[in-house]
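If you count the sequence shown from 1, position 472 lands on 472 in this note's numbering, and the numbers rise without skipping.
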Amino acid sequence: MHATSSADPAAAWHPDGDSPPVPLRRFKFPPPKVFWDPVHGEISLHPVSVAIVDTPEFQRLRHIRQLGLVSYVYPGASHSRFEHSLGTAHLARLLGARLRDNQPELNVTEKELLCLEVAGLCHDLGHGPFSHIWERFYRSGARDRGLAPVWTHEAMSCKLLEHLITANGLQDVFDAWELHFGQGLTHRDLKLIQDLIMANLEGAMPSRRFLFQIVSNDDSGLDVDKWDYYLRDCHAVGVTCGFQYERLVSSARVIRGPDGAAHIAFRDKEVGNVYEMFRTRSRLHHSVYRHHFVGVVEAMVCDALRLADEKLRFVGHSDNRRLRLWQTTHDAALPDSGREEMEAFVALTDHFVELSVRYADSREADVVQAKAIWNALECRFRKPDSLYRSLGSFPRYGDFTAEALRALFLKALPEGVRPRPQDLLVNLENVHWGRAREDPVKSVLFYRKSQPEVAVSVDRLRPFGYTAFLPSEFEDSRWHVILRTCPKPGLEEHLEQCLDTVREMMRKHLHGQECGVAKM
């Protein structure tokens with residue numbers, strides 16, 4: 001839902017609230033728009049952002065679900081990358097403006113606020129269908145082909161931003177805003193936006209380091225992208241969100257860090273709030289993103305994609321072209337990719353890929369199998385035996401590979417109920433607080449009320465009693481075992497004993513005892 005604030009957008013918008021000095025009716029500027037968001041309420045976007053939103057490349061995000069296939073378990077998780085991008089843009093400008101207002105000496109410009117807004121808006125442009133599932137599909141395809149992966153959604157976001165500006169003739173619009181208000185996007189501004197998305201500090205002045213900690217923060221992992229998707233995902237699935245970003249925005253200030261650069265820091269009293277933010281991440285991964293049946297659905301869809309890739313035809317095209325899912329993604333990411341490659345990638349959405357597989361007009365064995373896998377998800381009640389099965393999980397011990405653990409698992413089962421090796425998937429799942437095994441809050445800077453210019457670490461600020469609520473370890477690594485076929489009769493009776501046996505064999509290996517299977 002959005003509404004314009006004036007019939008004459010040229011007269012309605014000015015960065016300082018004044019009417020523009022020159023009539024701009026001859027220019028076709030998009031009006032400023034207000035979006036109503038269930039998480040943040042009213043979101044107002046600069047007309048430059050509106051110009052970007054009103055393009056096919058950005059509208060594509062409406063058709064890419066934020067949580068991929070999680071909606072098969074949590075029906076409310078049907079929100080898209082579109083609304084998350086609007087929310088991130090809103091928070092990026094909000095935090096930047098608060099720093100500007102609280103510390104005028106930073107000289108944060110209106111142009112920098114615009115760049116932050118656009119970076120937040122466009123940071124997810126390059127996601128593939130089903131969000132992070134596409135990354136797994138792409139990496140496995142690169143491995144099967146013996147190629148180094150070149151596609152990442154962050155880098156593709158930067159490429160797509162350039163493409164949509166060119167393909168939609170937006171540079172003229174941006175040049176006009178720059179000429180009259182100093183609020184367009186120049187090539188230099190575009191480079192800054194791309195660096196903000198990639199957290200690329202090369203060439204960044206130490207005094208502007210804090211700008212690179214707002215949209216994508218590689219220094220601590222505390223950024224507005226995460227704020228929005230934690231809040232939005234919790235809202236969608238009904239999980240309690242334990243932190244308050246408003247308090248972080250209110251207390252944020254820029255101070256000199258130990259490296260001499262300008263960093264964002266927070267009041268010492270917000271230590272607990274920051275911990276709750278990272279705890280929310282862990283809670284979402286444990287109960288939502290890594291739910292055992294979500295893992296099953298993801299395994300099924302990934303198998304269907306691999307089976308059907310390059311064996312489908314583009315729906316609606318008379319030239320009988322092959323639908324090459326992996327190759328389209330790979331080609332778009334290459335340095336010399338052009339308009340044709342980018343447009344082919346933009347066509348890939350959740351709906352397009354799913355319908356292309358489920359309704360494929362092909363009798364090839366792989367395509368028939370891919371259709372059966374996907375259709376099984378729609379007929380769980382009638383065809384329960386067609387679903388993959390989660391056989392359980394166990395903690396990671398030592399440095400076993402998936403192949404070695406598959407061998408251990410099969411060895412622990414009686415021969416009569418043992419599945420074929422190719423029917424057993426063993427996936428490693430890592431759930432942490434944002435910094436693998438490390439305490440992520442140790443990377444966040446704080447300040448005391450009495451010394452607002454002095455950066456202090458959490459080790460000097462541990463709130464009394466709070467450490468009792470922290471985990472002994474900040475990372476939980478587990479192996480998830482999934483069966484691609486219907487279990488043989490009797491398998492479930494031996495399953496718990498099998499898992500116990502595998503755990504014991506792994507412990508023996510960890511302590512230097514022979515378990516009969518090489519680590520591979």
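Glycine included, every Cβ here is placed at the ideal spot set by N, Cα and C.
Inter-residue spacing [alpha-carbon to alpha-carbon] between residue i and residue j
i      : j      : result
Asp361 : Pro32  : 45 angstroms
Ala404 : Trp479 : 12 angstroms
Val34  : Leu86  : 11 angstroms
Trp36  : Asp233 : 17 angstroms
Glu473 : Ser282 : 12 angstroms
Arg418 : Met506 : 20 angstroms
Glu429 : Trp134 : 17 angstroms
Asp175 : Thr186 : 7 angstroms
Ile197 : His123 : 6 angstroms
Ala436 : Arg448 : 28 angstroms
Leu334 : Phe266 : 40 angstroms
Gln194 : Thr55  : 18 angstroms
Glu492 : Trp374 : 25 angstroms
Arg406 : Met300 : 18 angstroms
Leu290 : Leu147 : According to the sequence provided, residue 290 is Arg. The question's Leu does not apply to it. Arg290 and Leu147: Cα-Cα distance of roughly 28 angstroms.
Thr240 : Tyr230 : 10 angstroms
Asp476 : Lys311 : 39 angstroms
Gly182 : Ser250 : 28 angstroms
Leu425 : Leu408 : 13 angstroms
Gly41  : His84  : 13 angstroms
Ser78  : Ser71  : 6 angstroms
Val534 : Ala376 : No answer is possible for residue 534: the residues shown for the chain start at 1 and end at 520.
Coil, strand or helix - residue i by DSSP
i      : result
Ser207 : helix
Val431 : strand
Lys33  : strand
Trp479 : strand
Gln103 : coil
Ile214 : coil
Gly41  : strand
His263 : strand
Ser356 : helix
Pro419 : coil
Arg26  : Confidence at Arg26 is low in this model, with a pLDDT of 41, below 50, so its placement is unreliable and the value that follows should be read with caution. It is coil, neither helix nor strand.
Arg188 : helix
Tyr447 : strand
Val73  : coil
Ser80  : strand
Met506 : helix
Arg313 : strand
Leu323 : strand
Leu425 : strand
Arg382 : coil
Arg65  : strand
Distance CB(residue i)-CB(residue j) smaller than 9 angstroms
i      : j      : result
Arg212 : Trp433 : A quick correction: the sequence has Phe, not Arg, at residue 212. Not a contact, by the Cβ cut-off of 9 angstroms.
Asp228 : Leu95  : no
Ile52  : Leu164 : yes
Leu533 : Asp366 : The shown model of the chain, from 1 to 520, leaves out residue 533, and the question about it has no answer.
Asp350 : Arg65  : yes
Glu57  : Asn168 : yes
Pro471 : Gly221 : no
Phe352 : His63  : yes
Leu113 : Val288 : no
Val454 : Ile255 : yes
Phe394 : Leu325 : no
Arg389 : Cys486 : yes
Gly236 : Gly76  : Here the sequence assigns Ala to residue 236, which means Gly is not the residue at that position. Going by C-beta atoms, Ala236 is nearer than 9 angstroms to Gly76.
Ile43  : Ala89  : yes
Thr280 : Gly238 : no
Pro129 : Glu354 : yes
Ala304 : Val357 : yes
Alpha helix (DSSP H) segment containing residue i, residue limits
i      : result
Pro47  : Pro47 to Val53
Ile373 : Ala365 to Glu378
Val441 : Careful: Val441 lies outside any alpha helix (DSSP H) and carries neither H nor E.
Pro56  : Pro56 to Gln59
Ala142 : His132 to Arg145
Val296 : His292 to Ala308
Ala412 : Ala402 to Ala412
Thr166 : His153 to Ala167
Endpoints, the beta strand (DSSP E) within which residue i is located
i      : result
His286 : Note, His286: premise wrong, no beta strand (DSSP E); not H, not E.
Leu568 : It is not possible to answer for residue 568, since the shown part of the chain is limited to 1 through 520.
Gln451 : Gln451 to Val456
Arg253 : Arg253 to Arg256
Test: residue i CB closer than 9 angstroms to a CB of chain C
i      : result
Ile255 : No chain C appears in the structure shown, which is made up of a single protein chain.
Problem set entry | Contact between the region 118-133 and the region 214-227 (3+ Cβ pairs under 8 angstroms) | Verdict: yes, contact present.
For this session: Could you say if the region 373-383 and the region 322-342 meet the contact criterion of at least three C-beta pairs nearer than 8 angstroms?
Result: Here the region 373-383 makes no contact with the region 322-342; the two share fewer than three CB pairs at distances below 8 angstroms.
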